[in-house]
Amino acid sequence: MNILAIDSSGLSASVAVLSDEVIKAEFSVCNKLTHSETLMPMIDAVISSSGVALNEMDAVAVAEGPGSFTGLRIGAATAKGLAEAVHKPVIGIPTVDGLAQNMACHDGLIVPLMDARRNETYTGIYTFEGDRLKVLREQCAVPLEDILEDVNRRNTATVFLGDGIKVYKEQIEEKCVVPHLYAPASLRLQRASSVAVLAAQYFMNRRMTDPAAFAPVYLRVSQAERQGAAAVTPEEKRAMAAGHVPVQAAGDPTEDSNEK
Amino acid sequence: MIILGIESSCDETAAAVVKDGRILLSNVIASQISTHTKYGGVVPEIASRKHIEAIVQVVRQALEEAHTDIEEIDAIGVTYGPGLVGPLLVGVSYAKAYAYGCGKRLIGVHHIEGHVSANYIDNKELEPPFMCLIVSGGHTHLVNVTDYGEYEILGRTMDDAAGEAYDKVARAIGLGYPGGPKIDAEAKKGDPEAIAFPRAHIDGDEYDFSFSGLKSAVLNYLNSCEMRGETVIREDVAASFQAAVVDVLVGNSMKAVDKYGAKKFAIAGGVASNTALRDAMGQACDKRGMSFYRPSPILCTDNGAMIASAAYYRALRNGYAGLALNAVPGLKLGETI
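If you read the protein sequences in the order shown, they are chains A and B. With our numbering applied, the first sequence corresponds to residues 1 to 260, in that order. With our numbering applied, the second sequence corresponds to residues 1001 to 1337, in that order.
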């Protein structure tokens, strides 16, 4: 079984080729580069170095979300395009599950923390039963306090990982009362090889999607949907007369801007 | 040469198959207008989400309707700017991956060049040089098309695009989004001379446009009616506003035509489907004995066919893109990859 895996949900971009039990090639970059420019050349590189041609892949796996909305769509559009070209299915792997898989076979709780802004973290609670990832709390967007309280209640040694550590470490030190560790740099961020390992399990269970039907899992509605459709008020009319466009209020940093 | 064109720069997910830049084999457009109508305009995040859900189906349908197998496609063209960055990234990322997977060459297309090229599909005899006015929700450009893919920019809007002014005014008079077709329809019932809205003419050899003053004048008029407790006659506001926009677009264009001695004139872009603009520009060209060209309304709106046509002429000039092609939201006309 051959799987091409992609994760562009966060700051790092990672692609890998899994062939049966071997990671034939993996390429991860975390250098503030734009995924839209780097992802396809990276995919070309892992495909040629792995020696497994695209049309020999059984599926294209991708971290389906949560994560940066734009990053998720770049990954999704890329996975859909590649899969469609070679008539293969797409396998969507929950991003936080993929991160937890980095800590395979760890004894205790695994809690990935991704910086979700707006005072929330994308997180979940996991453990391993033998070599299989077990989801104790499904991936979600919650305030850090919420997940730390949950961890404390479970009263089990915990390893944290993800780009959220950089943002939350002080708060974790303050509020986490169970013994805890932080994953080393080599395991801390999204890795496509972990996505690939989970995707191989999905493939065996036939959990896959037609490229047309695949869409990212954002865990959040857009800002406009949160606020609901606003009618034009007289204040807005005056604001428009002064040259301001009130179609969208102050931008959510995780969303696309209104710039043309 | 058969090209698959993909367009996702704003709120239409579109794909089309075009032969030799001129022969339309299919043209599929998935519009999101109904989704954005309740927000009074395009919400970029929602548009991006809709694009990623629709892109595969739209491309499949374009190939199916063209009765063309992907093996028969010579290259894939995709809009890489200007436009909304999130929507652009969906099309660019998909096109790159699909082209790579199918072993096809990729061509990055400028959205405005696409609009200009829509004319090549509907006017088989049209060839450069000609003068072209491009008017849409995001763009207002007056250019000399000196050759395929070669432009001399004569004028552009200094503030709002013409289509943007339409959207804002339509919203203010309660017609909603999209403003262009709604005002066009409403204006047919009203008096274009009822209200004297200002025409921003720029003096001398300048061909730039300005619509923000006109938009403010309309909004001020509405406010003053409200304060005086007068009823606004919506049809008259629409007709008078549209007359002012058309006056400025035609007036400025004809000033450039006379100065440059243009023999052929074309319009392009979403607002080019506006009936008042088509009529007035056609009459002005007739009066000068010039040929007037415009795409059919379906090719005025954002579509993949115009992208495929522009891609064809880029391909002839060897303008292929690599795997690092990125979306460029602020791409200028005449800039290349």
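C-beta atoms are modelled at their ideal positions from N, C-alpha and C, and glycine is treated no differently. The model shown is predicted, which means the values in this text are computed figures rather than measured ones.
Burial state of residue i (16 or more Cβ within 10 Å)
i, result
"residue 35 of chain A", "buried"
"residue 237 of chain A", "In this prediction, residue 237 of chain A scores a pLDDT of 45, lower than 50, which makes its location untrustworthy; the coordinate-derived value is nonetheless stated afterwards. So residue 237 of chain A ends up on the buried side."
"residue 1252 of chain B", "buried"
"residue 229 of chain A", "Because residue 229 of chain A carries a pLDDT of 48, less than 50, the predicted location of this residue cannot be relied on, and the following value inherits that uncertainty. Flag for residue 229 of chain A reads exposed."
"residue 1023 of chain B", "exposed"
"residue 1028 of chain B", "buried"
"residue 179 of chain A", "exposed"
"residue 1261 of chain B", "exposed"
"residue 1250 of chain B", "buried"
"residue 145 of chain A", "exposed"
"residue 1331 of chain B", "buried"
"residue 204 of chain A", "exposed"
"residue 1184 of chain B", "buried"
"residue 1108 of chain B", "buried"
"residue 184 of chain A", "exposed"
"residue 1201 of chain B", "exposed"
"residue 89 of chain A", "buried"
"residue 1310 of chain B", "buried"
N-terminal and C-terminal residue of the alpha helix (DSSP H) that residue i is part of
i, result
"residue 190 of chain A", "Neither: residue 190 of chain A is in no alpha helix (DSSP H) and is coded neither H nor E."
"residue 1260 of chain B", "1234-1260"
"residue 1096 of chain B", "1085-1102"
"residue 41 of chain A", "35-50"
"residue 1115 of chain B", "1111-1122"
"residue 1184 of chain B", "1179-1187"
"residue 82 of chain A", "69-85"
"residue 225 of chain A", "223-227"
"residue 1212 of chain B", "1212-1228"
Bounding residues of the beta strand (DSSP E) (the contiguous stretch that carries residue i)
i, result
"residue 105 of chain A", "Per DSSP, residue 105 of chain A belongs to no beta strand (DSSP E) and is neither H nor E."
"residue 15 of chain A", "13-19"
"residue 284 of chain A", "No answer is possible for residue 284 of chain A: the residues shown for chain A start at 1 and end at 260."
"residue 1173 of chain B", "Counting along the chain, residue 1173 of chain B falls outside any beta strand (DSSP E), and DSSP gives it neither H nor E."
"residue 27 of chain A", "22-29"
"residue 1341 of chain B", "With chain B running from 1001 to 1337 in the structure shown, residue 1341 of chain B is simply not present."
"residue 1005 of chain B", "1002-1007"
"residue 1291 of chain B", "1291-1293"
"residue 1267 of chain B", "1264-1268"
"residue 1131 of chain B", "1130-1135"
"residue 94 of chain A", "90-94"
"residue 138 of chain A", "132-142"
"residue 6 of chain A", "2-7"
"residue 1081 of chain B", "1075-1081"
Spatially closest choice to residue i from the options, by CA coordinates
i, options, result
"residue 27 of chain A", "A:174, A:11, A:192", "A:192"
"residue 1313 of chain B", "B:1148, B:1185, B:1213, B:1152", "B:1148"
"residue 157 of chain A", "A:214, A:110, A:135", "A:110"
"residue 84 of chain A", "B:1084, B:1105, B:1058", "B:1058"
"residue 1302 of chain B", "B:1015, B:1001, B:1002", "B:1015"
"residue 196 of chain A", "A:95, A:177, A:144", "A:95"
"residue 1206 of chain B", "B:1243, B:1143, B:1297, B:1239", "B:1143"
"residue 1341 of chain B", "B:1100, B:1006, B:1082", "Nothing about residue 1341 of chain B can be read from this structure; chain B reaches only from 1001 to 1337."
"residue 202 of chain A", "A:59, A:212, A:177", "A:59"
"residue 1111 of chain B", "B:1323, B:1322, B:1299, B:1197", "B:1299"
"residue 143 of chain A", "A:123, A:134, A:135, A:44", "A:123"
"residue 102 of chain A", "A:162, A:119, A:171, A:225", "A:162"
"residue 1032 of chain B", "B:1281, B:1238, B:1178, B:1269", "B:1178"
"residue 1158 of chain B", "B:1210, B:1122, B:1116", "B:1210"
Residue i - DSSP class collapsed to helix/strand/coil
i, result
"residue 973 of chain B", "Residue coverage of chain B in this structure runs from 1001 to 1337, which leaves residue 973 of chain B outside it and unanswerable."
"residue 1050 of chain B", "helix"
"residue 155 of chain A", "coil"
"residue 178 of chain A", "coil"
"residue 1017 of chain B", "strand"
"residue 1070 of chain B", "helix"
"residue 1031 of chain B", "strand"
"residue 1142 of chain B", "strand"
"residue 1158 of chain B", "coil"
"residue 115 of chain A", "strand"
"residue 173 of chain A", "helix"
"residue 1011 of chain B", "coil"
"residue 55 of chain A", "helix"
"residue 1206 of chain B", "coil"
"residue 197 of chain A", "helix"
"residue 1163 of chain B", "helix"
"residue 1328 of chain B", "coil"
"residue 1319 of chain B", "coil"
"residue 1191 of chain B", "coil"
Check: How about the region 1082-1096 of chain B and the region 61-74 of chain A: do they share at least three Cβ pairs that are nearer than 8 Å?
Finding: At 8 Å Cβ cutoff, the stretches touch.
Item checked: the region 5-21 of chain A touching the region 60-67 of chain A, judged by at least three CB pairs closer than 8 Å -> yes
Notebook entry, point to check: Is the region 169-179 of chain A touching the region 126-142 of chain A in the sense that three or more CB pairs, one from each, lie closer than 8 Å?
Noted result: no
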